[in-house]
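Numbering (our numbering), first residue to last: 247 to 1074.
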């Protein structure tokens, strides 16, 4: 017990005497554990959100929709009822699904675009999984969704738009534009497939959004023999999508993210371990005389190894504790950032096992990476001390070195396997990391070797000193260069994707500014819409009508039975539709079909109106969509002039396309919203901005991840500089003794580490440029869109170099103040 206390006190005193070097080593450990804990929390949060249970993918075993019809009619439901009676279907529920739902608050013209709106049967949905309500408690969907307009929203909508129970909102589907007043009756904390940005309401509400037309377009089915049932339904006109396929895809995505995030945590842990290995190697080399004294006093190698292993464990314990605390804080931020890039309902959850495990892993990693230096230094010869000779360390035989490497690699492999949850994955991550380190290290080390031999730095004495030092120590800085390279690549890619996304959306917005606002309203309000538009002194506008019909089918031997979307589109001008065949307006009684529908010009189509009346119309051409001129995906049906559409049947909705002056788009949009409370006003510039915001969120996440890589580079550089100051005390003392000032020494260090930062940063920028070049060869569209601006490259280079130089000055400023006389006296 006394020996243990003595060793503990000795180890503690040694750590305290280490000063700045101990502190930097502590930060290296903390970084490694922080990375591991943060990435583990992020991986676990994502694992909880990614659904792998097949039935929970859709809320049932099979998702059904019609092949040739947009709507599921009562006749189709009768077919399913027969299958229920025969036992082939256990249960089913009808869904009115839309991906074009918008939400706004009364008195505001700002539309919020949601991922999904779902009209459901509250007493049936979901067939599998849970729709968990966090407000109000102990109340079911059948109680909350009683009346048309009652809605349940997911918690991410609440947080993003500041809604709460009882708030009134206005829903509208941008395809119809019919506003429906809703009241928030419940807040869902989770959905069957863990995806958010959803609004749930009754099928009656869905039909109101469709202007009173049938809205059911999906059926969820539970069956004991889902594969056989899906095949049977496929033959009778149904699209049958099995949840098994989606589950397999999600399983692979889950494994991928789990491997990537936990692998990144292990890489961070290795960075911390490398910092510890460097620190212990230099510190123990400086303490060889102390080792010899311990041996001369009778201590055995095993005792000395235990002493210094205890010192490493103590350092690891404090560093890991700091890392666990930082990792906990960083994980909260990373989970929040990641949740902004996806519709998944990702939530952070405290896990004591992750914290305790991270703490123990940090201690073990510190000991493992320190043991090589400890075992090597413990072989110091005491006889050299007694003879007043320089203390030397007995070289370790090659076979013992190999055995030691294996013995140290085994426990670290076990640690990585436990983290990854698989021995194969654990070994795979290590092999990948080592291969990456070897390739990057060889490349960056080779660049450093070449640079120090071709750059004309011999003009300035302090630059020549830096160049000579890099020649001797260049390979020791490889790990810091790798970390800096990784950070620069991450930031550069984030900047490229964000800037080009912004540019692409800006260009598209400029192109469509001929019409930059859309006003959608019920047809009965056409006069009010026109008056409101003209009241804003708008000179240029166009309009269109949309009319739902029962069906549209080809008529004739070649097109008989070919169905088109049951929608009449009457336009005052073709707009974003590209026509083939007769020119617009040349044949007022003719219609255009959507090109992919395979109903050619010269044929005929039969239109069955909602009342059952049929009309046969001549096809004078086809149309396609100019996606470069359209931000909102237009409906595809039977295209004709507005006058002809109105003569066939009364339209359901009217849409005005408005050209507002530049700089006035928001004002005009708000004014139209106030003037038309029952209309849906779409500001296309704001709509485009939502995509840019998505890329911005991805950029922020990439920036956070790049920040971790840059932090690793900074810590390794700080560790390298701190240890170099210890190793080069005598060299610096000699330089100061012969007349070099502190400024000269700092300048030499600045050139030395500035070159290191410049090499890594230039290599990172070059790697991104090569990646973009290869991507452009493989994909012409990506090549035309993605490029790096020269100014961005320069700023990223400046960031990398300035960050390293700041670190060098902060770490070395204290060490170079020491008197040259005191340093030279240490060496006799």
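Virtual Cβ for every residue (Gly too), placed ideally from N, Cα, C.
Cβ-based neighbour list, residue 400, same chain, cut-off 7 Å, excluding 5 preceding and 5 following: Along the chain shown, read from residue 1 onward, the residue named residue 400 stands at position 154. So the qualifying residues of the chain are 434, 437, 442, 443, 444 and 591.
Cβ-based neighbour list, residue 585, same chain, cut-off 7 Å, excluding 5 preceding and 5 following: Residue mapping note: residue 585 aligns to position 339 of the chain shown, counting from 1. The beta carbon of residue 585 is closer than 7 Å to those of 592 in its chain, skipping five residues each way along the sequence.
Cutoff 8 Å; reference residue 385; Cβ partners in own chain excluding five residues on either side: Against the chain shown, residue 385 aligns to sequence position 139. Within the same chain, residue 385 has close Cβ partners 379 and 432.
Straight-line gap, residue 1056 to residue 557 (C-alpha atoms, nearest Å): Position 810 of the chain shown holds residue 1056. Position 311 of the chain shown holds residue 557. Their backbone Cα atoms lie some 26 Å apart in a straight line.
DSSP-derived helix/strand/coil call for residue 472: What you label residue 472 is simply residue 226 of the chain shown in a count that begins at 1. If DSSP states are grouped into helix, strand and coil, residue 472 belongs with the helices.
Distance, residue 408 Cα to residue 473 Cα: Working through the chain shown from its first residue, we reach residue 473 at position 227. Working through the chain shown from its first residue, we reach residue 408 at position 162. Each residue's Cα considered, the two are about 43 Å apart.
Beta-carbon gap between residue 604 and residue 275 smaller than 9 Å: Your numbering for residue 604 matches position 358 in the chain shown. Your numbering for residue 275 matches position 29 in the chain shown. No.
Best match in 583, 809 and 331 for proximity to residue 483 [C-alpha to C-alpha]: The sequence position of residue 483 within the chain shown is 237, counting from 1. Taking only the C-alpha atoms, the option nearest residue 483 is 809.
Identified DSSP bridge partners for residue 799: In the chain shown, counting from the first residue as 1, residue 799 sits at position 553. Bridge partners of residue 799: 809 and 852.
One or two residues paired with residue 885 in a DSSP bridge: Here residue 885 refers to the residue found at position 639 when the chain shown is read from its first residue. For residue 885, which the question treats as bridged, DSSP gives the partners 815 and 838.
Extent of the continuous beta strand (DSSP E) run through residue 929: Residue mapping note: residue 929 aligns to position 683 of the chain shown, counting from 1. Here the beta strand (DSSP E) through residue 929 covers 926-929.
7 Å Cβ shell around residue 996 - same chain, five flanking residues per side excluded: As a first step, residue 996 must be located in the chain shown, where it is residue number 750. For residue 996, where only same-chain residues beyond five positions count, the Cβ hits under 7 Å are 1051 and 1054.
Neighbour-count burial assignment, residue 342, 16 or more Cβ in a 10 Å radius: The sequence position of residue 342 within the chain shown is 96, counting from 1. The residue in question, residue 342, is buried, as its Cβ has 16 or more Cβ neighbours within 10 Å.
Whole-Å CB distance - residue 283 paired with residue 736, under 8 Å assumed: Indexing the chain shown from 1 puts residue 283 at position 37. Indexing the chain shown from 1 puts residue 736 at position 490. Going by Cβ atoms, the distance from residue 283 to residue 736 rounds to 20 Å, so no, they are not a contact pair.
Euclidean distance between Cα positions of residue 1059 and residue 994: Taking the chain shown and counting its residues from 1, the one referred to as residue 1059 is at position 813. Taking the chain shown and counting its residues from 1, the one referred to as residue 994 is at position 748. Going by the C-alpha atoms only, they are around 13 Å apart.
Cross-strand partners of residue 342 (DSSP beta bridge): Translated into positions along the chain shown, residue 342 becomes position 96. 365, per the DSSP bridge assignment.
Cβ pair count under 8 Å reaching 3, the region 892-900 against the region 764-776: Because the criterion of three Cβ pairs below 8 Å is met, the region 892-900 and the region 764-776 touch.
Buried or exposed (CB count within 10 angstroms, at least 16 for buried), residue 1012: As a position in the chain shown, residue 1012 is number 766, starting the count at 1. Exposed, because fewer than 16 other Cβ atoms sit within 10 Å of the Cβ of residue 1012.
Assigned exposure category for residue 540 - 16 Cβ within 10 Å defines buried: Mapped onto the chain shown, residue 540 falls at position 294. Classification of residue 540: buried, given that the 10 Å Cβ count is 16 or more.
Inter-residue spacing [alpha-carbon to alpha-carbon] between residue 801 and residue 376: Taking the chain shown and counting its residues from 1, one reaches residue 801 at position 555. Taking the chain shown and counting its residues from 1, one reaches residue 376 at position 130. Residue 801 and residue 376: Cα-Cα distance of roughly 47 Å.
Beta bridge counterpart(s) of residue 768 as assigned by DSSP: For the purposes of this step, residue 768 is identified with residue 522 of the chain shown, where counting begins at 1. DSSP output for residue 768 lists 899 as bridge partner(s).
Own chain residues within Cβ distance below 7 Å of residue 882, not counting five before or after: In the chain shown, residue 882 corresponds to position 636, counting from 1. If we look at residue 882 and ignore the five residues flanking it on each side, its Cβ neighbours are 811 and 840.
Proximal residues to residue 927 (C-beta, below 6 Å), its chain only, five neighbours per side dropped: Position 681 of the chain shown, counted from the first residue, corresponds to residue 927. Here the set comprises 355, 765, 915, 918 and 919.
Bridge partner(s) assigned by DSSP for residue 347: Locating residue 347 in the chain shown gives position 101, where the first residue counts as 1. In DSSP, residue 347 forms a bridge with 419.
Secondary structure of residue 670, DSSP reduced to three states: Stepping through the chain shown from its first residue, residue 670 is reached at position 424. DSSP places residue 670 in helix when its eight states are reduced to three.
Endpoints, the beta strand (DSSP E) within which residue 396 is located: By 1-based counting over the chain shown, the position of residue 396 is 150. Looking at the DSSP string, the run of the beta strand (DSSP E) that includes residue 396 is 396-400.
Minimum C-alpha distance to residue 479 - residue among 1010, 610, 323 and 516: What you label residue 479 is simply residue 233 of the chain shown in a count that begins at 1. Ranking the options by Cα distance to residue 479, first place goes to 323.
Residue 359 (DSSP reduced to helix, strand or coil): Translated into the one-based positions of the chain shown, residue 359 becomes position 113. Correct three-state label for residue 359: strand.
Beta carbon of residue 728 nearer than 9 Å to that of residue 686: If you number the chain shown from 1, residue 728 lands on position 482. If you number the chain shown from 1, residue 686 lands on position 440. A contact, by the Cβ cut-off of 9 Å.
Which residues DSSP lists as bridging residue 433, in chain order: Taking the first residue of the chain shown as position 1, residue 433 is located at position 187. 381 and 399.
Inter-stretch contact (C-beta, 8 Å, three-pair minimum) for the region 543-550 and the region 689-698: no
Counterpart residues of residue 826 in DSSP-defined beta bridges: Residue numbering aside, residue 826 sits at position 580 when the chain shown is read from its first letter. Residue 826 pairs with 868.
Residue 611 vs residue 522 beta-carbon contact at 9 Å: Walking along the chain shown from the start, residue 611 turns up at place 365. Walking along the chain shown from the start, residue 522 turns up at place 276. In this structure, residue 522 lies closer than 9 Å to residue 611 by Cβ.
Contacting residues, own chain, Cβ-Cβ under 6 Å from residue 268 (five flanking each side not counted): Start at 1 with the first residue of the chain shown, and residue 268 comes out as number 22. Here the set comprises 261.
When 359, 860 and 773 are compared against residue 421, the one with the closest alpha-carbon: Sequence index remark: in the chain shown, residue 421 carries index 175 (1-based). The candidate whose alpha carbon is nearest that of residue 421 is 359.
Buried versus exposed, by CB contacts within 10 Å (16 or more), residue 622: On the chain shown, position 376 is the one that residue 622 refers to. With 16 or more Cβ atoms within 10 Å of its Cβ, residue 622 is classed as buried.
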